[in-house]
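Participant: Structure in structure tokens, see below.
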Amino acid sequence: VNPINPTELYTAIHALIETHPRKCLRLRVIFKTTVVSGNMMWRLFATVISEHGVFIRTTNPLPAGTDVHLSLELPSPKPIELNGTVVYTVKHDKSQLTEPGMGIKFVNAPPKITRGLRKFIESDLMCEFDEETFI
14 VNPINPTELY TAIHALIETH PRKCLRLRVI FKTTVVSGNM MWRLFATVIS
64 EHGVFIRTTN PLPAGTDVHL SLELPSPKPI ELNGTVVYTV KHDKSQLTEP
114 GMGIKFVNAP PKITRGLRKF IESDLMCEFD EETFI
């Protein structure tokens, strides 16, 4: 059925080919992110985003279970502020071709932000971006 909904297509394909399919689209994109944990703050780059979380590239990831506050500098009128928890880390290993960093799951994200992130990802994949998504 046209028009194609990217999230539905992605979900259907992954349900057929993956043993543990993902439930939402992910977008590989690089953008600045501020990560705050306790009284420490880091300016890092995120490299993957979904409506449920983000992967932050760093050679010194925070331990799994760490609560953080994020400020995502996506193409929106102002940075998107969210809370999250580190759910996994990828250690820096020169012998592997893996990107070091930490996966952060958003916690209690407002539904409007979640919908905006989904629309942003779908729009980027379909080459149709609207900056009003997050307003």
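Using the working numbering, the letters of the sequence shown correspond one by one to residues 14 to 148.
Backbone N, C-alpha and C fix where the C-beta goes; we use that ideal spot for every residue, glycine too.
1) With distance defined between alpha-carbon atoms, name the residue in Met115, Leu40, Thr72 and Lys118 nearest to Lys107.
2) Should Val99 and Ala77 be called a contact, given that it needs their Cβ atoms to be closer than 8 Å?
3) Short check: CB of Leu83 to CB of Thr46, under 8 Å?
4) Does DSSP put Glu94 in a helix, in a strand, or in coil?
5) Based on the DSSP secondary-structure assignment, which residues constitute the bridge partners of Phe44?
6) What is the residue span of the alpha helix (DSSP H) that Lys132 lies within?
7) Answer yes or no: do Lys118 and Gly66 have a C-beta to C-beta separation smaller than 8 Å?
8) I need the boundaries of the beta strand (DSSP E) containing Ser84, first residue and last residue.
9) Based on the DSSP output, what are the partners of Ile26 in its beta bridges?
Facilitator: According to the data block:
1) Start at 1 with the first residue of the sequence shown, and residue 107 comes out as number 94. For Lys107, the nearest C-alpha among the options comes from Thr72.
2) As a working note, residue 99 is residue 86 in the sequence shown. As a working note, residue 77 is residue 64 in the sequence shown. Their beta carbons are under 8 Å apart, which means Val99 touches Ala77 by this criterion.
3) For the purposes of this step, residue 83 is taken as residue 70 along the sequence shown, with counting starting at 1. For the purposes of this step, residue 46 is taken as residue 33 along the sequence shown, with counting starting at 1. Yes, Cβ-Cβ distance for Leu83 and Thr46 is below 8 Å.
4) On the sequence shown, position 81 is the one that residue 94 refers to. In this structure, Glu94 counts as strand in the three-state DSSP scheme.
5) Position 31 of the sequence shown, counting from 1, holds the residue named residue 44. In DSSP, Phe44 forms a bridge with Ala59.
6) Locating residue 132 in the sequence shown gives position 119, where the first residue counts as 1. Pro124 to Leu138 is the extent of the alpha helix (DSSP H) around Lys132.
7) Locating residue 118 in the sequence shown gives position 105, where the first residue counts as 1. Locating residue 66 in the sequence shown gives position 53, where the first residue counts as 1. Taking 8 Å as the Cβ cut-off, Lys118 and Gly66 qualify as a contacting pair.
8) In the sequence shown, residue 84 corresponds to position 71, counting from 1. Ser84 -> beta strand (DSSP E) spans Asp80 to Leu85.
9) One-based indexing of the sequence shown puts residue 26 at position 13. Per DSSP, none; premise fails for Ile26.
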